[in-house]
Every structure is written in structure tokens, then in C-alpha cells.
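To keep things clear, I will list the structure first and then write my remarks on it.
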Amino acid sequence: MRDMANGTAPPRGLVTVRLGQQFGFARRPAPPVRRQQLQRPEPQNAMTLTARGDALRLVGRFREAVALFDRAIAIAPQAVAAWFGRALAHQSCGALVEAERDYRRVTELAPRTAHGFAGLATVLAMAGRLDEARVFADRAAELGPDDSATVIAQARCDRLAGDHAAAARRLEALTSRPGLAPQDAVLALGLLGDALDRLNECDRAFEAYARANRRFVAAHVSPGLG
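If you use this note's numbering, the sequence shown corresponds to residues 57 to 282, in order.
Dropping the structure here:
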């Protein structure tokens, strides 16, 4: 069984999930209401531009999202949400250098919040830079130990270090939380499947992937769409 977090397909018969914050998913149409929202004339307010960028990012339109975040940052250079949104968009399309740059800016603008440090740890782990990633994951844990982004960053570090059991424990605890955001649930369940796969727990890995698939579909496909 191959490793989803590295972007390769699982074996035949396995329900696959291409993780939202890292890969984007199968090209499915957005729900009609969201499509109408995205077709509205583009505003000039930085906050609204950021919100529109986030909506585009969540449906996999990363380049368009980056363009809106660029405009928001040009209007309001201190807008943390715009920098963070652009970092996520860059990360989602594999532009790790750009994502690292933006996450570093988030940590400068919001040094007392965990999100920027967790994001920075995540992209460094994705780039294979374990020692650096651990430093920022630890900082995120100091600021927001229960934050989902922190837990995911720590689990990525565990996996990169070869401690798949530790990663699985973290991710199982995270995915059992009520009210976990859909995008966090999809990502965490996919990573959990990867960790369980490496531990040769194939049945449990399959179930984690299947749960991730169900959560993704529930969050992105409205009734009546094919």
C-alpha cells in the first residue's frame, strides 16, 4: 500500500482521498450557491477579497485564490488572514517555498498564535526538513497544544521521523473530536490512513481512507449533483 501523503495512489480497490490542503481533490462541481457567490463582481475591500480567496481555495481554484490574496495584501499588508490564506493556497498546489515564505510572515504578524507556526512546521516537514519542522511544531504546541493544525504538524513530524505509531495516536485522538472542521477531518483521516498503512494495519487504514472520502463528499457535493 503506497503512501498518500507523498502523493502516490493507494493499491487497487482502495478508496482514495486527495487531501484538500495538500493536493486538491477530484474535479467535482461546487454547489450551485457557492458557484453563484464566486461569480459575483470582485470587490476591493481586503477583508472581502480574503473571504473570496478562501472560498476559491476550498474548491481547489488555487491560482485564482492566490491572485485575490495578492490583492488583499496589497491593500492591507498587515492582514494576517490574507497572508495565511495565501500560504494555504500555495501549500495546496505544492508551492512549498512560497508557502514557507507566507507562513513566516504570519508568524511575524501574529507571534502569539499557533497557526502560523503549525503551518510552517507542516511545509518544512513536507519538504523533508525534520529538524526545522520540529522547532516550529514545538512552538505551535506551546501556543495552541489542542489546535488541529498543531496536532497535524506534530503528526507529520512523527511520520517523517519514522514514528508512525505516535502519528497514529495523535491523529486518532484528533479525528475522534466532535465538531472537527471538515477540511481538518479529511486531512487528518488521510494522514491517519497513511500511518496505519505503514504499521501494516491495512483494514484500519482502509477505514480511515473511506471515512476521509465520506467526509470530503459530504462537505463538497450537494444533493442532486453527480
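Yeah, the Cβ is synthetic: ideal placement off N, Cα and C, and Gly gets one too.
Three-state secondary structure assigned by DSSP to Q77: Confidence is the limiting factor: at Q77 the pLDDT is only 37, short of 50, which leaves the residue's position unreliable and the question unanswerable from this model.
Please report the Cβ distance between V179 and Q147, rounded to the nearest whole angstrom; I am assuming they are in contact, meaning their Cβ atoms lie under 8 Å. 6 Å
Given A166, which residues of its chain have a CB within under 7 Å of its CB, disregarding the five upstream and five downstream residues? V136 and G172
Here's the rule I'm using: 16 or more other beta-carbon atoms within 10 Å means buried, otherwise exposed. How should S232 be labelled? exposed
With respect to the alpha helix (DSSP H) encompassing A205, which residues constitute its N-terminal and C-terminal limits? S204 to L216
Please name the residue in D194, G246 and S204 whose C-alpha comes closest to that of R270. G246
Rounded C-alpha distance that separates G249 from S204: 17 Å
Buried or exposed: E156, going by 16 or more other Cβ atoms within 10 Å of its Cβ? buried
Return the CA-CA distance between V273 and D219, expressed in angstroms with no decimal places. 30 Å
Kindly confirm or deny that the segment 232–241 and the segment 253–260 touch, where touching means at least three C-beta pairs closer than 8 Å. no
Whose C-alpha, out of A170, M182, I129 and R127, is nearest the C-alpha of A151? M182
Backbone secondary structure at T106 - three-state DSSP: helix
Measuring straight from C-alpha to C-alpha, what distance separates V191 and L176? 10 Å
Simplified DSSP state of D194, which is helix, strand or coil: helix
How would you call V89, buried or exposed, if buried means at least 16 neighbouring beta carbons within 10 angstroms? The predicted position of V89 is uncertain, since its pLDDT is 41 and thus under 50; a value taken from the coordinates is nonetheless stated next. By the 10 Å Cβ count, V89 comes out exposed.
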